[in-house]
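Those letters in the sequence shown? Residues 48 to 422, per my numbering, in order. Notes to accompany the following structure.
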Amino acid sequence: MISLSRIKAVFLKELVQMRRDRPTFAIMIMVPIMQLTLFGFAIDTDPRNMPTAVELRDEGPLTRSLLASLAQSDYFRIVRRVANESEGERLLRSGAVSFLIVIPEHFERDFVRGDRPQILIAADASDPVAAAGPIAAANEIARRAFAPELDRLPRRLRTGLPPYEAVIHRQYNPAGETSMNIVPGLLGIILTMTLIMITSIALTREVERGTIEALLSTPVRASEIMIGKTTPYIMIGFVQTAIVLAAARLIFGIPFLGGPAPFFAALFMFIFANLMLGYLISTVAKTQMQAMQMTFFVFLPSILLSGFMFPFAAMPAWARAIGECLPITHFLRIVREVMLKGAGFAEIRGDLWPIAIILAVLAGLSLARFRRTLD
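Here's what the structure looks like:
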């Protein structure tokens, strides 16, 4: 027969163990709060205020009305005015802007004549979700901007097609395939999840097994131990990268338009940064279970705040600030720019140096914590 008193004893024992295991208890409380905060406030599938560059070859009243309408809209945020289309293309390729709007010469004259001048809207469609909303809103924004002038046109020009034409160029992903955005991003997610996890349990496994004492009895320095332990995982990271790139090309048809040098420079720093973060976790955690639990706090922001699943530009400022502190945010931009846009060092340097800084900080903290652990 089941004894309630014995069940109560086991229940109280479990409560005592939970109270003593503070990291697990903290995770039980913090994870729901983190999920509510991120999903409730940080995630928006309808991106707004997308950075936009404009090239104005005609600066008449109609052009000024269009710029005012764009500025008042929630979808476009004009950040640059370019002198020519090549400069705008460079900004698109580097990811500095998401849209380039070109007003042609004699736009107002052709508009009044009914010659239907074209407004060129070049969109960075490497992220089709981020580009969809602004593209859909572009015609309505132009219609509102030109409404006063339309009322003054002859009746024959106010019927049928509008006296202008919005031409959309979806660059880097003309078909709007989601896989073109997701598959390159998966490389960063896979490397983050696996490398941090396996490295975070490296030192805690040594402590639990007691083999750390054997290392302490040798003349090996703390930095040498750390480098020696992480080097095999660097090799694993490169093997994973080769598998993902091969699958991306052979199965999904994802191109690799850029050169290998900028890609592998970013890849090496990103892998090493993940290993340093995992090693830092291993110096804080006391058991392998705690190390695995701590890595969860890295995985969730890495997936949600890096721009992998949801458009980065659609997040509030505080969420973007957190995302900028994650190495995966910058690595995802580099991977997509190199693979889909053919970017080189000049275009990716804005995301390369943040990874280098994050790597240096994590390496310094990991080494300092590891030395304290050895002491």
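All C-beta atoms in this analysis are idealised placements derived from N, C-alpha and C, irrespective of residue type, glycine included.
Residue i, buried or exposed, once every other Cβ within 10 Å from all chains shown has been counted against 16
i, result
"residue 55", "exposed"
"residue 345", "buried"
"residue 357", "buried"
"residue 75", "exposed"
"residue 286", "exposed"
"residue 175", "buried"
"residue 330", "buried"
"residue 383", "buried"
"residue 298", "exposed"
"residue 50", "exposed"
"residue 110", "buried"
"residue 153", "exposed"
"residue 419", "exposed"
"residue 133", "exposed"
"residue 80", "exposed"
"residue 100", "buried"
"residue 258", "exposed"
"residue 87", "exposed"
"residue 407", "exposed"
"residue 163", "exposed"
"residue 53", "exposed"
"residue 359", "buried"
"residue 77", "exposed"
For residue i, the three-state DSSP class (helix, strand or coil)
i, result
"residue 432", "This structure cannot settle anything about residue 432, because the visible part of the chain is limited to 48 through 422."
"residue 153", "coil"
"residue 213", "strand"
Chain-order list of residues whose beta-carbon lies under 7 Å from that of residue i (same chain, five-residue window excluded)
i, result
"residue 242", "280, 284, 318, 321, 322, 325"
"residue 389", "304, 305"
"residue 394", "140, 141, 384"
"residue 377", "398, 401, 402"
"residue 227", "173, 220, 301, 387"
"residue 316", "402, 403, 406"
Assumed close pair residue i, residue j - CB separation to whole angstroms, cut-off 8 Å
i, j, result
"residue 177", "residue 363", "The pair is not a contact, with the Cβ atoms about 15 Å apart (cut-off 8 Å)."
"residue 402", "residue 261", "About 35 Å separates the two Cβ atoms, so there is no contact after all."
"residue 213", "residue 245", "The Cβ separation is near 50 Å, so there is no contact."
"residue 144", "residue 159", "That pair is no contact at about 30 Å."
"residue 235", "residue 405", "Contact flag wrong, Cβ pair sits at about 14 Å."
"residue 172", "residue 217", "4 Å"
"residue 147", "residue 169", "4 Å"
"residue 270", "residue 414", "6 Å"
"residue 291", "residue 208", "Not quite, the Cβ-Cβ distance comes to about 46 Å (not below 8 Å), so this is no contact."
"residue 248", "residue 192", "Actually they do not touch by this definition, with Cβ atoms about 58 Å apart."
"residue 230", "residue 295", "5 Å"
"residue 349", "residue 225", "That pair is no contact at about 20 Å."
"residue 102", "residue 149", "5 Å"
"residue 124", "residue 98", "6 Å"
"residue 155", "residue 210", "So it is not a contact: roughly 11 Å between Cβ atoms."
"residue 237", "residue 215", "Their Cβ separation, rounded to whole angstroms, is 33 Å, which puts residue 237 and residue 215 out of contact at 8 Å."
Own chain residues within Cβ distance below 8 Å of residue i, not counting five before or after
i, result
"residue 274", "none"
"residue 93", "180, 361"
"residue 82", "347"
"residue 335", "248, 251, 252, 255"
Residues of its chain near residue i, where Cβ-Cβ distance is below 6 Å and the 5 sequence neighbours each way are ignored
i, result
"residue 412", "327"
"residue 392", "309"
"residue 120", "188"
"residue 186", "213"
"residue 366", "89, 352"
"residue 400", "none"
"residue 91", "361"
"residue 113", "192"
"residue 368", "none"
"residue 138", "100, 144"
Any non-hydrogen atom of the ligand HEM within 8 Å of residue i CB
i, result
"residue 148", "No copy of the ligand HEM occurs in the structure displayed, which carries no ligand at all."
Please go through the segment 348 to 388 and give each complete alpha helix (DSSP H) segment of 4 or more residues, from N-terminal end onward.
-> You should have 364 to 371, 374 to 388.
Residue ranges of each alpha helix (DSSP H) run of no fewer than 4 residues wholly in the segment 124 to 193, ordered along the chain?
-> As summarised for the segment 124 to 193, the continuous alpha helix (DSSP H) elements at least 4 residues long and confined to that stretch are 132 to 141, 154 to 160, given in chain order.
Ignoring anything shorter than 3 residues or poking outside the segment 72 to 106, list the beta strand (DSSP E) runs there in chain order.
-> Within the segment 72 to 106, the complete beta strand (DSSP E) runs of at least 3 residues are 97 to 103.
Complete runs of the alpha helix (DSSP H) confined to the segment 246 to 334 [at least 4 residues] | You should have 259 to 263, 269 to 297, 307 to 331.
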